[in-house]
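Worksheet: one structure, shown below.
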Amino acid sequence: MQIELNNEFYRVIMDTKGAELQSVVGQHNHYEFLWQADPKVWGRHAPVLFPIVGRLKNDEYRYQGQTYHMTQHGFARDNEFEVERQTDHSVTFLLKDSEATRAIYPFKFEFRVKYSLINQLIKVSYYVTNPSTTEPLYFSVGGHPGFRVPLADDAKFEDYFLRFKPSKSRIQIPLGENGRIDYAKRTLAPTDVDWQINHDVFKDDALIFQLPDANEVQILSDKTDHGISLKTKDAPYVGIWSAYPKTGDYICIEPWWGIADPTDASGELTEKLGINKLDPNGEFKAKYSISFK
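Mapping of the sequence shown onto our numbering: residues 1 to 293, in sequence order.
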């Protein structure tokens, strides 16, 4: 079921399946800013990643002596959420554990995704609650919004660049075999300068950076005034991705509170790189914002 929010600047559409953002259209120029999920290239718009981010080693993990199978980015993006609360300019989606989720993820949880339309800003908030009174909850969470590029009819994909703020270097983590990160080969990347974009940039999969404190990543071009900005205050990682060798006119900017397994991962969920632990009755909050011009 689709949910629509409107203000004087944007018409925003989300779907209860996966609590996925599906469309952001300018009210005045009727311009679509989100990738429209071409199934021949990448059939999603902006999936929500939970309870893992990225790929597990061998698509499995161990917890309390038992092995569980889970595919890339977890199951939330393929599950139906309920609409817990809706106002004129916000909506909160809720996913709870079930018999089906506990078969692959043996935890009680409440996972909320809230979208707020505030003037020219879309704020995305994640809330993870551990309803257990006795057991901890281990999880990762992240966003995966895909933005339409080019953002002008007279521009090309190759006319765009990435700009990082603050302007300083960041640690880049390469992806290795089977979608796992090669943590030993991380390097200091010159993100204090603009990064020109073409499809070959993504031939080795996503660009992954560790984020120090608050960050902003922009998609810009000298050939148009249209651009996109994603801001986060506390996401420890960001992935930047577009499909390859299949190519499409989009770029994903993905704030992550978690990361794929490294090549030498032990497989134990409690030892997983970037994992978050919630004590009984605890709550985790994370958020990012998107703006368009």
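Glycine is no exception: its CB is placed at the ideal position from the N, C-alpha and C atoms.
Computed from a predicted model, the values in this text were never measured in an experiment.
- The region 100-107 and the region 244-259 do not touch, with fewer than three beta-carbon pairs separated by less than 8 Å.
- Taken in chain order, the unbroken stretches of beta strand (DSSP E) that lie wholly in the region 103-138 and span 3 residues or more are 110-118 and 121-129.
- Taking one beta carbon from each stretch, the region 196-208 and the region 156-173 have 3 or more pairs nearer than 8 Å; the two touch.
- If you look at GLY274, you'll find it isn't in any beta strand (DSSP E); DSSP assigns it neither H nor E.
- Taking the C-beta atoms as reference points, ASP194 is found nearer than 8 Å to LEU162.
- The alpha-carbon separation between TYR10 and THR270 amounts to approximately 42 Å.
- Around HIS69, the same chain offers ASP59, GLU60 and ILE104 as residues with beta carbons nearer than 7 Å, after the five sequence neighbours per side are excluded.
- Taking C-beta atoms under 8 Å as the contact rule, VAL113 and VAL128 fail to qualify, at a distance of about 10 Å.
- The beta carbon of ASN178 is closer than 6 Å to none in its chain, skipping five residues each way along the sequence.
- Taking C-alpha positions only, ALA46 is separated from GLU135 by approximately 31 Å.
- DSSP, read as helix, strand or coil, puts GLY146 in strand.
- Under the DSSP assignment, PHE161 falls in the beta strand (DSSP E) whose first and last residues are 160-165.
- A contact is defined here as three or more CB-CB pairs under 8 Å, and the region 75-88 meets this definition with respect to the region 9-27.
- Counting the other CB atoms within 10 Å of its CB gives THR71 a total below 16, which places it among the exposed residues.
- Excluding sequence positions up to five before and after SER291, its CB lies within less than 7 Å of the CB of GLN120, LEU121 and SER229, all in the same chain and listed in chain order.
- The beta carbon of VAL91 sits closer than 6 Å to those of ILE3 and TYR115, all from its chain and outside the five residues before and after it, given in chain order.
- ARG62 and GLU216 do not touch by the CB rule: their CB atoms are close to 38 Å apart, not below 8 Å.
- Contact annotation, ALA265 with LYS108: C-beta distance approximately 25 Å; criterion of less than 8 Å not satisfied.
- About 12 Å separates the beta carbon of LEU5 from that of GLN22, a gap too long to meet the 8 Å contact definition.
- Within the region 227-284, the complete beta strand (DSSP E) segments at least 3 residues long are 228-232, 237-241, 250-257 and 276-278, listed from N- to C-terminus.
- Taking LYS293 as the centre and dropping the five residues before and after it, the same chain places the C-beta of ASP225, HIS226 and GLY227 closer than 7 Å to its C-beta, in chain order.
- Secondary structure note for ILE219: its beta strand (DSSP E) is the uninterrupted segment 215-221.
- Within the same chain, LYS114 and LYS287 come within 6 Å of SER125 by CB-CB distance, once the 5 residues on both sides are set aside.
- In the DSSP assignment, PHE93 falls within the beta strand (DSSP E) that extends over 90-96.
- About 6 Å separates the CB atoms of ALA155 and SER221; that is less than 8 Å, so the two are in contact.
- For THR187, the three-state secondary structure derived from DSSP is strand.
- Residue environment analysis places ALA214 among the exposed positions, since fewer than 16 neighbouring C-beta atoms fall within 10 angstroms of its C-beta.
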